[in-house]
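Notes for the one structure printed next.
Chains as they are written, first to last, in our numbering: chain A, 1 to 270; chain B, 1 to 372.
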């Protein structure tokens with residue numbers, strides 16, 4: 001079978017991009033399984049493989065604490081922002097609350113460099129909750145994620161769900177009942193996708209967590225950064241910790257993809 | 001059951017655009033009323049205002065004699081069936097049917113009894129545990145109707161419920177809806193742009209155009225006496241031939257001068273049409289009022305000679321397009337037996353007793369004695 005040049009080119013480009021994404025991850029995997037000395041060797045050497053680094057992460061560093069902090073904060077952020085974002089998106093879609101300017105503003109806020117928001121967020125958050133606690137980081141994450149999640153969900157509440165809601169209201173449901181019993185369940189895949197994305201955003205967030213945390217409330221991303229010390233980089237344990245930190249995201253991604261597609265095809269159901 | 005009354009109801013949008021303007025209409029208790037009109041004429045908006053899904057910007061809406069303008073749709077005790085059925089996709093058919101009753105807190109035994117009754121009546125008792133996505137278009141339609149029926153509301157509002165079905169199924173559902181109405185005797189308001197549905201289903205038709213009511217009446221009454229050229233051209237297929245003409249005095253009588261020839265105005269109409277003598281008018285002639293046998297055309301039959309442009313054999317009947325030198329072609333509906341072919345000369349007899357004249361300035365029908 002002859003392969004067409006166009007196909008070859010297409011696959012060539014895709015392979016190059018895949019390699020660009022996969023190689024660093026494979027590099028990290030290799031480093032996490034070797035010792036400090038072989039880690040930096042070029043060309044890369046596999047050498048003696050062991051899980052020592054993964055054990056060291058838990059014994060020498062506070063990995064469990066960081067992981068627990070990240071997980072708790074991401075979960076709390078999602079739990080708070082998802083219901084609020086759902087209602088905000090619903091209001092924007094159904095009642096044109098704020099109109100187009102509100103939605104554009106929400107989108108624009110996502111385009112600001114995060115560093116711009118650090119100072120105002122710091123001041124705002126510290127007036128509400130004690131500085132350095134997990135609550136402070138959660139609050140900052142809610143402030144950043146909620147508008148984005150709401151913006152993402154607006155389209156899920158347009159089209160089909162509107163008519164279903166009208167049917168429900170004619171059947172005797174109040175607006176709230178129609179929202180709760182019809183709109184939310186029907187838009188659930190989209191809502192779940194937004195929730196998962198919110199969780200992942202909070203899990204990966206570094207800047208606000210760095211500014212607002214103490215050693216007790218450090219998240220994983222901040223913790224990983226702290227492994228690069230003035231005394232040198234603990235490259236092998238860092239690689240191991242990075243991989244462990246990726247795990248929840250890797251587990252959630254397939255679900256995110258599934259729900260996102262379902263959510264986006266909401267309008268297609270009859 | 002209840003009557004529905006609209007008093008000077010209008011719906012205007014922010015930009016000052018009127019979707020519906022000043023509608024007065026009363027629908028009797030138990031009546032089957034059709035809202036007919038082209039898309040964008042305001043018929044669906046009117047229905048949605050009755051349902052409470054849109055608010056009227058002026059006027060009063062009464063259901064069962066009670067003003068419901070400010071009443072939530074939930075409290076109006078009406079059911080609405082949508083064009084795309086709007087079945088709740090995350091619920092089984094059973095849950096869809098019982099939704100309204102569950103909200104009202106109807107006892108479970110009563111819900112079961114009603115679902116059993118309605119699902120049998122609609123032939124969906126085998127489908128109760130399925131999801132809407134597992135149903136065919138016709139089945140969804142039945143479930144949507146069943147959901148409306150099961151609550152035993154005061155009135156049914158049907159928003160083009162048949163237009164997503166294929167032609168055969170549509171005909172079946174049309175008959176079923178008529179039967180359903182006969183059995184239940186509940187007030188029904190049915191919105192459609194299909195004039196066949198309108199003619200066959202309704203006890204009365206309300207024809208709308210550009211947000212206003214043009215004519216309200218029984219199907220045959222609207223067919224035989226269209227209020228203006230819009231109604232004349234909208235009902236029946238092929239629709240009434242509307243041809244520009246002149247009305248002239250002709251000795252003692254009156255004659256209509258068409259591009260194709262002259263038609264004498266029957267004596268009983270003369271007095272009514274006399275004031276328009278010497279003026280341009282629009283002559284309305286239904287295709288079915290042209291006959292091949294002169295005897296079928298009644299006492300006012302008049303010969304028309306012309307050439308056939310096209311022949312559409314539909315089976316039970318044949319539609320001829322006839323040329324009119326210097327004017328627009330017109331249609332005639334004749335029996336299927338004919339052997340006419342395009343290009344042939346043909347002699348037809350027109351029943352001038354069914355002639356309508358319209359004023360070209362107002363497009364309104366010029367009144368004449370109703371029957372001759």
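All residues carry an ideal CB built from backbone N, CA and C; glycine is no exception.
*In chain order, what residues of the same chain have a beta carbon less than 8 angstroms from the beta carbon of residue 228 of chain B, not counting five sequence neighbours either side?*
Here residue 228 of chain B refers to the residue found at position 228 of the second chain. So the list reads 214, 215, 358, 362, 363, 364 and 365, once near-sequence residues are dropped.
*Considering only C-alpha positions, which residue in the set A:230, A:61, A:42 and A:199 is nearest to residue 218 of chain A?*
For the purposes of this step, residue 218 of chain A is taken as residue 218 along the first chain, with counting starting at 1. For residue 218 of chain A, the closest C-alpha among the options A:230, A:61, A:42 and A:199 is that of A:61.
_Taking the alpha-carbon of residue 142 of chain A as reference, which of A:232, A:73, A:261 and A:251 has the nearest alpha-carbon?_
In the first chain, the residue the question calls residue 142 of chain A occupies position 142. Cα-wise, what sits closest to residue 142 of chain A is A:73.
_According to DSSP, is residue 79 of chain B part of a helix, a strand, or is it coil?_
Looking up residue 79 of chain B in the second chain gives position 79. Looking at residue 79 of chain B - three-state DSSP - the assignment turns out to be strand.
*Could you please give the first and the last residue of the uninterrupted beta strand (DSSP E) stretch that includes residue 191 of chain B?*
Numbered from 1 along the second chain, position 191 holds the residue referred to as residue 191 of chain B. First-last of the beta strand (DSSP E) with residue 191 of chain B: 187 to 192.
*With DSSP as the reference, label residue 344 of chain B as helix, strand or coil.*
What you label residue 344 of chain B is simply residue 344 of the second chain in a count that begins at 1. Collapsing the DSSP output to three states places residue 344 of chain B in coil.
*asked:* Counting only C-beta atoms, is residue 103 of chain B closer than 8 angstroms to chain A at any point?
replied: For the purposes of this step, residue 103 of chain B is taken as the residue at position 103 of the second chain. Interface residue, yes.
*Using a Cβ cut-off of 7 angstroms, pull out every chain B residue sitting near residue 5 of chain A, in sequence order please.*
By one-based count along the first chain, residue 5 of chain A stands at place 5. Within 7 angstroms Cβ-Cβ: nothing; residue 5 of chain A doesn't reach chain B, min ~43 angstroms.
*asked:* I want to see whether chain B comes within less than 8 angstroms of residue 267 of chain A, judged by CB atoms only; does it?
replied: As a first step, residue 267 of chain A is located in the first chain; it is residue number 267 there, counting from the start. Reliability fails at residue 267 of chain A, whose pLDDT of 47 lies under 50, so the model's placement of it is uncertain and no value is given.
_My output table needs one value for residue 40 of chain A: the three-state DSSP class, helix, strand or coil._
Counting from 1 along the first chain, the entry for residue 40 of chain A is found at position 40. Coil at residue 40 of chain A, not helix or strand.
*Please check the pair residue 332 of chain B and residue 287 of chain B, which I expect to be a contact at CB under 8 angstroms, by giving their CB distance rounded to whole angstroms.*
Residue 332 of chain B sits at position 332 when you count from the first residue of the second chain. Residue 287 of chain B sits at position 287 when you count from the first residue of the second chain. Separation of the CB atoms of residue 332 of chain B and residue 287 of chain B is rounded to 5 angstroms, and the pair is thereby assigned contact status at 8 angstroms.
*Would you mind sorting residue 245 of chain A into buried or exposed? The rule is 16 or more other CB atoms within 10 Å of its CB.*
One-based indexing of the first chain puts residue 245 of chain A at position 245. Buried: at least 16 other Cβ atoms inside 10 Å.
*Which of the residues in the segment 88 to 114 of chain B, read from start to end, lie with their CB under 9 angstroms from any CB of chain A?*
Listed by position, the residues of the segment 88 to 114 of chain B near chain A (Cβ gap below 9 angstroms) are 88, 89, 90, 91, 99, 100, 101, 103 and 104.
_Looking at the secondary structure, which residues open and close the beta strand (DSSP E) in which residue 186 of chain A lies?_
As a first step, residue 186 of chain A must be located in the first chain, where it is residue number 186. Counting along the chain, residue 186 of chain A falls outside any beta strand (DSSP E), though it belongs to the alpha helix (DSSP H) covering 184 to 204.
*asked:* When you compare the CB of residue 161 of chain B with every CB in chain A, is at least one pair closer than 8 angstroms?
replied: As a first step, residue 161 of chain B must be located in the second chain, where it is residue number 161. For residue 161 of chain B, the answer is no, since every Cβ of chain A falls outside 8 angstroms of its Cβ.
*Where residue 232 of chain B and residue 158 of chain A are concerned, what is the direct C-alpha to C-alpha distance, given to the nearest angstrom?*
Counted from its first residue, the second chain places residue 232 of chain B at position 232. Counted from its first residue, the first chain places residue 158 of chain A at position 158. Rounded to whole angstroms, residue 232 of chain B to residue 158 of chain A spans 39 angstroms at the Cα level.
*Cβ of residue 130 of chain B within 8 angstroms of Cβ of residue 93 of chain B?*
Residue mapping note: residue 130 of chain B aligns to position 130 of the second chain, counting from 1. Residue mapping note: residue 93 of chain B aligns to position 93 of the second chain, counting from 1. Residue 130 of chain B is a Cβ neighbour of residue 93 of chain B, given a cutoff of 8 angstroms.
*Assuming residue 43 of chain B contacts residue 37 of chain B under a Cβ cut-off of 8 angstroms, what Cβ separation, rounded to an integer in Å, is found between them?*
As a working note, residue 43 of chain B is residue 43 in the second chain. As a working note, residue 37 of chain B is residue 37 in the second chain. Contact between residue 43 of chain B and residue 37 of chain B holds, with the beta-carbon distance rounding to 5 angstroms and staying under 8 angstroms.
*In three-state terms, what does DSSP make of residue 85 of chain A?*
The count along the first chain starts at 1 and reaches residue 85 of chain A at position 85. DSSP, reduced to helix, strand and coil, places residue 85 of chain A within a helical segment of the structure shown.
*chain A contacts made by the segment 66 to 80 of chain B, where a contact means CB separation under 9 angstroms*: Along the segment 66 to 80 of chain B, the positions whose C-beta sits under 9 angstroms from a C-beta of chain A are 72, 73, 74, 75, 76, 77, 78, 79 and 80, read in chain order.
_With a threshold of 8 angstroms between beta carbons, is residue 374 of chain B in contact with chain A?_
Only positions 1 to 372 of chain B appear in the structure, and residue 374 of chain B is not among them; the question remains open.
_residue 177 of chain A at chain B interface by Cβ criterion, 8 angstroms_ = Counting from one through the first chain, the residue named residue 177 of chain A turns up at place 177. Closer than 8 angstroms to some Cβ of chain B, the Cβ of residue 177 of chain A qualifies, so yes.
_Straight-line gap, residue 164 of chain B to residue 80 of chain B (C-alpha atoms, nearest Å)_ = Along the second chain, one-based indexing puts residue 164 of chain B at 164. Along the second chain, one-based indexing puts residue 80 of chain B at 80. Looking at the two C-alpha atoms, the distance is approximately 16 angstroms.
_Is residue 53 of chain B close to chain A? Criterion is C-beta to C-beta, closer than 8 angstroms._
Within the second chain, the letter at position 53 stands for residue 53 of chain B. For residue 53 of chain B, a Cβ of chain A is located within less than 8 angstroms of the residue's own Cβ.
*chain B beta carbons: is any one of them nearer than 8 angstroms to that of residue 187 of chain A?*
Here residue 187 of chain A corresponds to residue number 187 of the first chain, with the count starting at 1. No - not a single Cβ of chain B is within 8 angstroms of the one on residue 187 of chain A.
*Going by other Cβ atoms of all chains shown within 10 Å of its Cβ, with 16 needed for buried, is residue 5 of chain A buried or exposed?*
Against the first chain, residue 5 of chain A aligns to sequence position 5. Residue 5 of chain A comes out exposed.
*Could you name each continuous beta strand (DSSP E) segment of 3 residues or more that falls completely within the segment 79 to 121 of chain B, going from the start of the chain to the end?*
Taken in chain order, the whole beta strand (DSSP E) runs of length 3 or more contained in the segment 79 to 121 of chain B number zero.
*Any idea if residue 290 of chain B is buried or exposed, counting beta-carbon neighbours within 10 angstroms, 16 or more meaning buried?*
Reading the second chain from its first residue, position 290 is the one you call residue 290 of chain B. Residue 290 of chain B is buried by the Cβ-count criterion.
*Short CB-CB distance (under 8 angstroms) between residue 59 of chain A and chain B*: Sequence index remark: in the first chain, residue 59 of chain A carries index 59 (1-based). Between residue 59 of chain A and chain B, the shortest Cβ-Cβ separation is not below 8 angstroms.
*Nearest chain B C-beta to residue 166 of chain A closer than 8 angstroms, yes or no?*
Sequence index remark: in the first chain, residue 166 of chain A carries index 166 (1-based). At least one CB of chain B lies nearer than 8 angstroms to the CB of residue 166 of chain A.
_Closest residue to residue 139 of chain B among B:313, B:169, B:61 and B:54 (Cα-Cα distance)_ = Here the question's residue 139 of chain B lines up with position 139 in the second chain. Closest option to residue 139 of chain B, Cα to Cα, is B:169.
*Classify residue 68 of chain B as buried or exposed, calling it buried when 16 or more other Cβ atoms lie within 10 Å of its own Cβ.*
Locating residue 68 of chain B in the second chain gives position 68, counting from the first residue. Under this definition residue 68 of chain B is a buried residue.
*For residue 205 of chain B versus residue 222 of chain B, is the C-beta distance shorter than 8 angstroms?*
Translated into the one-based positions of the second chain, residue 205 of chain B becomes position 205. Translated into the one-based positions of the second chain, residue 222 of chain B becomes position 222. Inclusion of residue 205 of chain B and residue 222 of chain B in the CB contact set at 8 angstroms is warranted, their separation being smaller than that value.
_Please report the distance separating the alpha-carbon of residue 64 of chain B from that of residue 49 of chain B._
Taking the second chain and counting its residues from 1, the one referred to as residue 64 of chain B is at position 64. Taking the second chain and counting its residues from 1, the one referred to as residue 49 of chain B is at position 49. Answer to the nearest angstrom: the Cα atoms are 15 angstroms apart.
*Determine the DSSP secondary structure at residue 357 of chain B, reduced to helix, strand or coil.*
Sequence index remark: in the second chain, residue 357 of chain B carries index 357 (1-based). In the structure shown, residue 357 of chain B sits in a strand (DSSP, three-state: E or B).
*Can you tell me the Cα-Cα spacing of residue 101 of chain A and residue 108 of chain A, whole angstroms?*
Taking the first chain and counting its residues from 1, one reaches residue 101 of chain A at position 101. Taking the first chain and counting its residues from 1, one reaches residue 108 of chain A at position 108. Note on geometry: alpha-carbon atoms of residue 101 of chain A and residue 108 of chain A lie some 10 angstroms from one another.
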